Each structure stands twice: as structure tokens, then as C-alpha cells.
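Everything on this sheet refers to the single structure shown next.
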Amino acid sequence: MKKFTILIYVFTFIVIILLYFSVQFGNSVIDVFKNENSVILHYRFYKAIAALLAGCCLPVSGFLLQELFKNPLAGPSVLGISSSAGLGVALVIFLGSNIFIIEEFNQWILVFSALLGSFLCMIILFMISKKMNDKNSFIIIGFLISAFGSAFISFLEYISPSDKIKQYLVWSLGSFSGLSGEKLLIFTLFSFIGLIFALFSVQLLKGNLLGENYAKSLGVNLNKMKIYILLSTSILTGITTAFLGPIAFIGIIIPFFCRKLINPSKLWKQLILNILIGICFMLCINIISNYIMLPINILTSIIGIPVILFIILKK
Amino acid sequence: MKILELQDLLIGYKKPILQEVNASVNQGDICVILGRNGSGKSTLIKTILKSIPKIKGNIKINNVEIESFNFELLSQIISVVYSQNILENEVNVYNLVALGRYPYKKWYEKLNKKDSLLIEKAIDYCGISSILNLNANELSDGNRQKVFIARAIVQNTPILILDEPLSYLDVENQFVIMKIFEELSKNENKTILFTSHEWDQSLTIANKMWYINENQLTSGMVEDVAIEKNIINAFSNEHFEFNFYLNKFVPILKQKSVKSVCVICSDGKDEQIYWLTRALRKNNILLDENSEIQIITKEKHYVLKENSSDVSFKNIEDLINYLKINE
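Here the protein sequences line up with chains A and B, keeping their order. Going by the numbering used here, 274 is the number at position 275 of the first sequence; the sequence numbering is gapless. Going by the numbering used here, 132 is the number at position 143 of the second sequence; the sequence numbering is gapless.
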């Protein structure tokens, strides 16, 4: 059997086990099959699904960005896409109830505001990348966008009442919990749309393996490729950020490990592996957070930053 | 049959670089594009590849205007090898070569037997079967060039365009690549268009030349264009001139030579004479058939005859030193 097939079997198996563990284990152990405590079961199941979706979205988004910009350090958090989506969320949290009276609409507005934020950030990145050849400076642009976002958010915090600041802070630490069924449905729907665009862009990215000049001579429609990636990454990052908060570095760690596991130029295999390993990783973090209520961002940063340091030093 | 034809073409960016370009190549031609740095060779190639829009005129492939082809269709007609191939992705040699099949594949299609045969053939042509599993980033310049040419061959297009395929290569690799061109043109009837600065080497295989000079392009058979445009003079400058005796460019002597000698071969090798004449020239000693000083090359030494006295030298260094002292 080929290495890739084995990996698929192994990781699918791990995903199933981890899903079971996510519901079974936590501060109070329950038996999934006896359905003793449906409230906890319900809560943990939703939490696990949220983690699963995040595990699909962020690594795929990071993977596409890295292939497009040909830079292993590109990722939704590093390039400022997460924080731009975050700015969109902050605007709704801080200013939302003043403008929108009907509360039920708020989550849709939240989603679209986050998507708009990440979309605008991607457009800025595209415009800058045309004029810039230096990859390392490009990463700095990402940090600048992040910094701009957080400065703006600080300003909003400064002028806002404390209950809203608290609401924002809880969101900004990142959490899998607290998603209603309806929110999960929206999350699933958008993730699905984002992944479809990702699928479209992979074949085009394959032709872009040798750079844009060769891509043209292989008949790749570069504009189409960029639009697909723009839509895919901004939807995937935006929707995850809107519901779970800004989750850092997953978009870099997972693609990095996938490239170590199988041939980096096999993009279809990379995409599938990214999804599977991403889900495994996020479910693990979810299980940890079943025991200790640590915000996701703290856990991902503790694991992510050493990996990024390693990538930089290896270069 | 004319496969590629340029008619009244005007190309450039904001300012036109080349004007009134009228040129063509036939199927199976090997055509070299010569010209100094910045003369517009790469711009011309990019215009043919539709990377830069043309300003005026027509580019026709098999009598069909190139504008009517989209990139997808063009990728099945022209394949290209650019001059600087910097790889930013980790990709092994086989996969890179196989990428040449990309234009023919839908996303769900895998490489079939016909593809594999084409790939193997290209690998054979370029002699890269021993490096298939290496990472393309770690190849030497010569091997990388061969790998990219193999990729273009796999694309299986009637026209191949290469931007400076011979630069950065040692002489041996230059000849390997020129041999690949020759075989492709003879066996597969492919049309090859390439730019070069190694004009001496490239003219030996090309049968057609597009020569660019002062915003004008002249096209025709290599030798005709060479004579018409006086290429040898055009490539000479204040530092270099063409020496028909040595059959290559040599530096022009800076000071007037004070001495002249006559070299006579008795039983030395041709190679000895070649290096001896080079050394003499380098040291400002001219060759003159009527000179009174004669150097006779023997198998393992050199004899200098001057005023009927013979001096023998073991190597060229001693000989040159002697001549210099006695100036």
C-alpha cells in the first residue's frame, strides 16, 4: 500500500477515536452510548464539531496562502487575515447594538462583518504582493495589518462600556464552546463553500508550481486562480474567526507537518492530509480544553511559535 | 511551411523596442535570436508568448493570429524554458518533468501510459535518468537546464522557445543541449527558437537566425545574415576582435608589438601550436611568416632559431621568458 493511503487510513481512524474521546472525556466522564447526561453530551458534541470545522478551515486556508505566495510562513494569522476578520467582529460587538436593534440579526451581521474584514485584507495583500518581491518583508506587511487592526480595536475598547469589553475579550481568547445549533449550521455551510473554492484552486495551483511565468505557458488562468484563493481563504478564515475567535498559527503548523510527511508538490494529497491532520490537532486541543478551560489561542501559540521559529531558522 | 510568422510587428513597453519586425520560421527549423544585452530578445519572446501585449502588427501560428488563442490553447502549441529557473517549491525532478503534461489533464485525470511514455522519452533525450529522485532545487545549473528542457519536451508542442538556454553552462553541457536541439528538430520535426549570447556555438547548429541590431530585426539563413549584417564586426569592440586564424574572438593588443616570430611545426602536436600561438599573442609577440626568428615545435621541446644559433626550451614559459629578455 502507498504511504499516502496508509496515512489516510491512520488519520481517519484517529479522527473517529478523537471524536469519541471529545464527547466521552472531560471534567465529568460520561458514557456516550447510555445517553445519561444529554446536556453535557450535547454541549461536548457541538464543541467537538466546532473544533472539527476549525481543523478543516484554518490549515486549508494557510496551505493555499503558502502555495500562492510561495512562502511557508504565510498563514491567516501571520498575514493579518484573522485579525482583519477580528476587527470586523469587534466593530459589530462594540458598535453593533447601537445600530442594529433586532438582536437575532446580529450573528449574521457578525459573520458578514468578519468575512468582509478578511476579504479586504486579502485584497490589500494581493495589491502589495504585486509590487513586492521580498518574501520576508511581505510577512512584515501582515504584521502591520495585524497591528493596525489591534490599534483600532484598542481604540474601540477605550471608548466602550465594560460589558462590551468583556464580551469582546471572551471572544478574542478563542473558544470552541457556546455555539448554538443554528450557529454551527452557518459555520458548516460557509466552511463547505470555502472548501469548494479551495478544491477549485488546487488544480490551478498545481500549474503554478514553477511560478507565474511557467503557469501562463501551461495554460493556467492566473486571475481565476487568485479569485478562487481570495474567496476560499477569506471565507474559511473569516467564518472560523467570527465564531471561535482568532486562532493563531494553526494555518502554519499543520501544512508544515504535512509537507514533512508526503511529497510537497502533490497538492491534492497535501490538501486532504491538511484537512485530516488539522481535524486531529484541533480535536486534541478540544479534549485538553474539556479538562482545563484554557482559551484555544494560548494552546495553539504555545505549540505554534516554536514551529515557526524552526521554519525561520531552517531557512 | 511557415509555422510562426511575424508581420510588421511593433513591440515594446511604453517605448517601442523593435520596429517593423518581419520574420518567420518553418517547421523543423532551429532558429537562434542574437543581439546584445537589452536589444529586445526577451521582450520579443514574451510578446510571442502573449506575456506582454504587442503594440502593432501580427503574430501568426500556422496562419492563425495568436490573439485568437487563449493561454490554454497556446500551452499546447508553444512550450517555453525561461533563462532563470529559481524554484520556490520543493519538487523532485520526475514530478517537475511530468508537469509538462498539465495542459492536457483535467483535475480528475491521472497520468496514463501515453503520458508516461512521453515523459520517459524526454528523460532519455536529456540524459537525466540518474537524477529523477533528486530535489530539483539541489541540481547543478547544467542539470537544472536539462530538466527544464525535458519538461518542455514533455509538453509535446510543435514549437519550443528557450531564453538563453546556453548561459551558465560549461562547454560540455552547452554541446549536450545543442545536441538535444538537433535531435528534436531532426527526429520530431520540432521548431526550436532560442536566444543566445554564445553566438559562436549557437551558429553551428542553428539553420536560421533572427539578428537584432539597433531596433531592427533581420532574419534569414544563418550564414546569409552573418555576411549581410557583418556580424563578426558587430560583435567586435575596442577590446575584442575576431581572429580568423584562431577562429575565435581574441583581446586586442594594447601596445604595439615589438617582436615577431614565425612558428614552424616539425613533429609537435596541433594542440602545442595552438597553445604556443595563444601564449605568444598574450605576451605581445606577433606571428609573422617572414620573421627571422623561428620557433620549431618538436614533440617535447621547442627550438628557437635566431641568427643561425639554436636554443632549445623544455616548455613555453622558458621560451617566452627568453624572448622577453632579449627584446
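The C-beta atom is built at its ideal place from N, Cα and C for all residues, glycine as well. None of these values were measured; they are calculated from a predicted model.
Query                                                                                                                                                                                               : Result
For chain B, check one thing: does any of its Cβ atoms lie closer than 7 Å to the Cβ of A:L217?                                                                                                     : yes
Going by the DSSP bridge assignment, what does B:A12 pair with across the sheet?                                                                                                                    : B:L(-5)
Taking a Cβ distance cut-off of 9 Å, strictly less, list which residues of the region 261 to 274 of chain A are near chain B, in chain order.                                                       : N262, P263, S264, K265, W267
Flag this pair as touching only if the region 178 to 192 of chain B and the region 97 to 116 of chain B have three or more C-beta atom pairs under 8 Å; answer yes or no.                           : no
Can you round the beta-carbon distance between A:L327 and A:N285 to whole angstroms, since I take them to be within the 8 Å contact cut?                                                            : This structure does not reach residue 327 of chain A, given that chain A is present from 0 up to 314, and the question cannot be answered.
Under 7 Å between C-beta atoms, does A:L114 make it to chain B?                                                                                                                                     : no
By how many angstroms is the C-alpha of B:F231 removed from the C-alpha of B:E281?                                                                                                                  : 27 Å
Tell me which residues share the same chain as B:S268 and place their Cβ nearer than 7 Å to its Cβ, disregarding the 5 neighbours each side in the sequence.                                        : Sequence check: residue 268 of chain B is Ala here, not Ser. Only I305, I309 meet the Cβ criterion.
Sort A:F256, A:Q65, A:S60 by Cα distance to A:N135 and report the nearest one.                                                                                                                      : A:Q65
Closest by CA to A:Y227, which one among A:G116, A:V14, A:L67?                                                                                                                                      : A:L67
Under 8 Å Cβ-Cβ, which residues of chain A neighbour B:F238?                                                                                                                                        : Those do not exist, as B:F238 stays about 33 Å from chain A at its closest Cβ, beyond 8 Å.
Answer with yes or no whether the minimum CB distance from A:G74 to chain B is below 7 Å.                                                                                                           : no
Under the three-state reduction of DSSP, which class applies to A:L6: helix, strand or coil?                                                                                                        : helix
What residue from B:L151, B:S13, B:I201 has the CA that sits closest to B:F170's CA?                                                                                                                : B:L151
Under 7 Å, Cβ to Cβ, is there at least one residue of chain A near B:E212?                                                                                                                          : no
Determine the extent of the alpha helix (DSSP H) in which B:E113 is found, giving its start and end residues.                                                                                       : First, the residue type needs correcting, since residue 113 of chain B is Asp and not Glu in the sequence shown. From DSSP, the alpha helix (DSSP H) with B:D113 extends over 102 to 115.
Give me, in chain order, the residues of the same chain whose beta-carbon lies closer than 8 Å to that of A:Q311; leave out the 5 immediate sequence neighbours on both sides.                      : Per the sequence presented here, residue 311 of chain A reads as Ile, with Gln not at that position. Counting only Cβ-Cβ distances below 8 Å, and skipping sequence neighbours, we find L72.
Please state whether DSSP places B:D277 in a helix, a strand or coil.                                                                                                                               : coil
I'd like to confirm the pairing. Which residues does DSSP put opposite B:K294 in its beta bridges?                                                                                                  : B:Q283, B:D299
Starting from B:N47, trace the beta strand (DSSP E) both ways and give me its first and last residue.                                                                                               : 45 to 50
In chain B, which residues lie with their C-beta within 7 Å of the C-beta of A:G206?                                                                                                                : Y91
Under 7 Å between C-beta atoms, does B:F60 make it to chain A?                                                                                                                                      : yes
Should B:N81 and B:G131 be called a contact, given that it needs their Cβ atoms to be closer than 7 Å?                                                                                              : no
As a quick exercise: from A:I158, A:S153, A:V110, pick the residue whose alpha carbon is nearest that of A:S318.                                                                                    : Residue 318 of chain A lies beyond the range of chain A shown here (0 to 314); nothing can be said about it.
With DSSP as the reference, identify every bridge partner of B:E54, one or two as the case may be.                                                                                                  : B:K49
Please report how far the alpha carbon of B:I67 lies from the alpha carbon of A:F62, in whole angstroms.                                                                                            : 31 Å
Pick from A:L78, A:L270, A:A84: whose alpha carbon is nearest that of A:F196?                                                                                                                       : A:L270
Looking at the structure shown, is B:G1 part of a helix, part of a strand, or coil, going by DSSP?                                                                                                  : strand
Where does B:Y200 fall in DSSP's three states?                                                                                                                                                      : strand
Specify whether the region 133 to 145 of chain B and the region 105 to 125 of chain B touch according to this definition: at least 3 beta carbon pairs, one from each stretch, less than 8 Å apart. : yes
Would you mind listing the alpha helix (DSSP H) stretches within the region 67 to 123 of chain A that are 4+ residues and don't spill past its ends, in chain order?                                : 80 to 98
So, A:G250 versus A:L114, is the Cβ gap smaller than 7 Å?                                                                                                                                           : no
Measure the C-alpha to C-alpha separation of A:I100 and A:L94 and round it to an integer number of angstroms.                                                                                       : Because A:I100 carries a pLDDT of 46, less than 50, the predicted location of this residue cannot be relied on, and the following value inherits that uncertainty. If you take the alpha carbons of A:I100 and A:L94, they lie about 11 Å apart.
If the cut is a Cβ gap below 9 Å, which residues of chain A does B:L88 touch?                                                                                                                       : K205, G206, L208, L209, Y213, L217, S264
How about A:P263 and B:E79: do their beta carbons lie closer than 7 Å?                                                                                                                              : yes
Give the residues of chain A in contact with B:V165, contact being defined as C-beta atoms less than 7 Å apart.                                                                                     : Per Cβ cutoff of 7 Å: no residues; B:V165 is ~22 Å from chain A at best.
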